[in-house]
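Colleague: Sharing a structure, written as structure tokens. Questions coming.
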Amino acid sequence: MQPVSVPRPSPSAGDAPEEGVSFALERFLPYRLSVLTNTMSRAFARMYGERFGLSIPEWRVMAVLGRFAPLSANEVAERTAMDKVRVSRAVARLLQTNLIDRATDATDRRRSALRLSRTGRRMHDAIVPMAREFEAAFLEGLTPAERETLDRLVTKLMDQAVRLCHEGEESSGPAQADDSSRRPAPAAAPASSRSRSPRRSPQGRPAYAKSAAPPERKRRAVPPRPD
Numbered sequence: 001m002q003p004v005s006v007p008r009p010s011p012s013a014g015d016a017p018e019e020g021v022s023f024a025l026e027r028f029l030p031y032r033l034s035v036l037t038n039t040m041s042r043a044f045a046r047m048y049g050e051r052f053g054l055s056i057p058e059w060r061v062m063a064v065l066g067r068f069a070p071l072s073a074n075e076v077a078e079r080t081a082m083d084k085v086r087v088s089r090a091v092a093r094l095l096q097t098n099l100i101d102r103a104t105d106a107t108d109r110r111r112s113a114l115r116l117s118r119t120g121r122r123m124h125d126a127i128v129p130m131a132r133e134f135e136a137a138f139l140e141g142l143t144p145a146e147r148e149t150l151d152r153l154v155t156k157l158m159d160q161a162v163r164l165c166h167e168g169e170e171s172s173g174p175a176q177a178d179d180s181s182r183r184p185a186p187a188a189a190p191a192s193s194r195s196r197s198p199r200r201s202p203q204g205r206p207a208y209a210k211s212a213a214p215p216e217r218k219r220r221a222v223p224p225r226p227d
């Protein structure tokens, strides 16, 4: 496997922080981890994408089902930390290509259970050695002790991130409900916009309500007949 080289941005005049801004984004840990994981995902996707034609979300769904199936689509979204729209699209594509199967849960008929099909299992088992090879190349520059330390730190950071996420959901839930209840009611439409033009009968004449009399027509003056 050829090592993947990731170009690092070189400092330039445009990278200088604006006057009065002290936030160094390039040193912000969540930003660095996001860039790191996205870069790794794209590099690994080139390996299995060219051979098997899978996208990153599709492989993530297959990897999770290969380990934890059967799962519902919501459970897949939780385990992959992907939004439900991306998971739904990936599941639909995998079902279309017969790489996963969907069946009704025997214990809860409202729940659909997803698992790898026979074809999907063979593809999954072919990609797993590629994943291990990629991981070994990525960690090649670390000593065994550093790898153990990294594993412990990542586990601790993951637990802390999950805790903060749950605390944020609990604190924002009631607040969002209160905000929605305090929203002003939409203003009523002006009377001019509510007025409607009279309906027309099949003969093309205006159809007036029964309670309202039609407008009086002006009668032409008839000249007196000469005797």
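Reading the sequence shown from the start, the letters are residues 1 to 227 in our numbering.
Glycine included, C-beta positions come from ideal geometry on N, C-alpha and C.
Does the separation of the CB atoms of residue 87 and residue 103 fall below 8 Å?
Modeller: Remark: C-beta atoms of residue 87 and residue 103 do not approach each other more closely than 8 Å.
Colleague: For the putative contact between residue 95 and residue 120, defined by C-beta atoms under 8 Å, what is the C-beta separation to the nearest angstrom?
Modeller: About 10 Å; that fails the 8 Å criterion.
Colleague: From the DSSP secondary-structure annotation, give me the bridge partner or partners of residue 149.
Modeller: Residue 149 is not bridged to any residue.
Colleague: Look up residue 104 in the DSSP assignment and give the residues it is bridged to.
Modeller: 112
Colleague: Within the chosen definition, does the stretch 106-120 reach the stretch 128-143 through at least 3 CB pairs nearer than 8 Å?
Modeller: no
Colleague: Going by beta-carbon coordinates alone, are residue 80 and residue 60 separated by less than 8 Å?
Modeller: Yes, Cβ-Cβ distance for residue 80 and residue 60 is below 8 Å.
Colleague: Taking a contact to mean a Cβ-Cβ separation below 8 Å, would you say residue 101 touches residue 117 in this structure?
Modeller: yes
Colleague: Closest to residue 52 by C-alpha separation, out of 68, 92, 122, 24, would be which residue?
Modeller: 122
Colleague: Taking the alpha-carbon positions, what's the residue 93 to residue 135 distance?
Modeller: 27 Å
Colleague: Would DSSP call residue 71 helix, strand or coil?
Modeller: strand
Colleague: Compute the Euclidean distance between the alpha carbons of residue 146 and residue 91, then round it to the nearest angstrom.
Modeller: Taking the straight line from one Cα to the other gives about 37 Å.
Colleague: Near residue 31, which residues of its chain fall below 8 Å by C-beta distance, leaving aside the five closest residues on each side in sequence?
Modeller: Within the same chain, Cβ atoms closer than 8 Å to the Cβ of residue 31 are found at 25, the five residues on either side in sequence being excluded.
Colleague: Hey, could you find the ends of the alpha helix (DSSP H) residue 125 is sitting in?
Modeller: Segment 118-138, the alpha helix (DSSP H) holding residue 125.
Colleague: Determine the burial state of residue 44: buried for a count of at least 16 other Cβ atoms within 10 Å of its Cβ, exposed for fewer.
Modeller: By the neighbour-count criterion, in which 16 or more other beta carbons inside 10 Å mark a residue as buried, residue 44 falls on the buried side.
Colleague: Taking just the CA atoms, how far does residue 149 sit from residue 163?
Modeller: 21 Å
Colleague: Who are the Cβ neighbours of residue 41 in its own chain at under 8 Å, not counting the five residues just before and after it?
Modeller: 56
Colleague: Just how far apart, CA to CA, sit residue 169 and residue 22?
Modeller: 29 Å
Colleague: My understanding is that residue 124 touches residue 47, with C-beta atoms under 8 Å, so please give their C-beta distance in whole angstroms.
Modeller: About 14 Å; that fails the 8 Å criterion.
Colleague: Please name the residue in 27, 89, 137, 107 whose C-alpha comes closest to that of residue 70.
Modeller: 107
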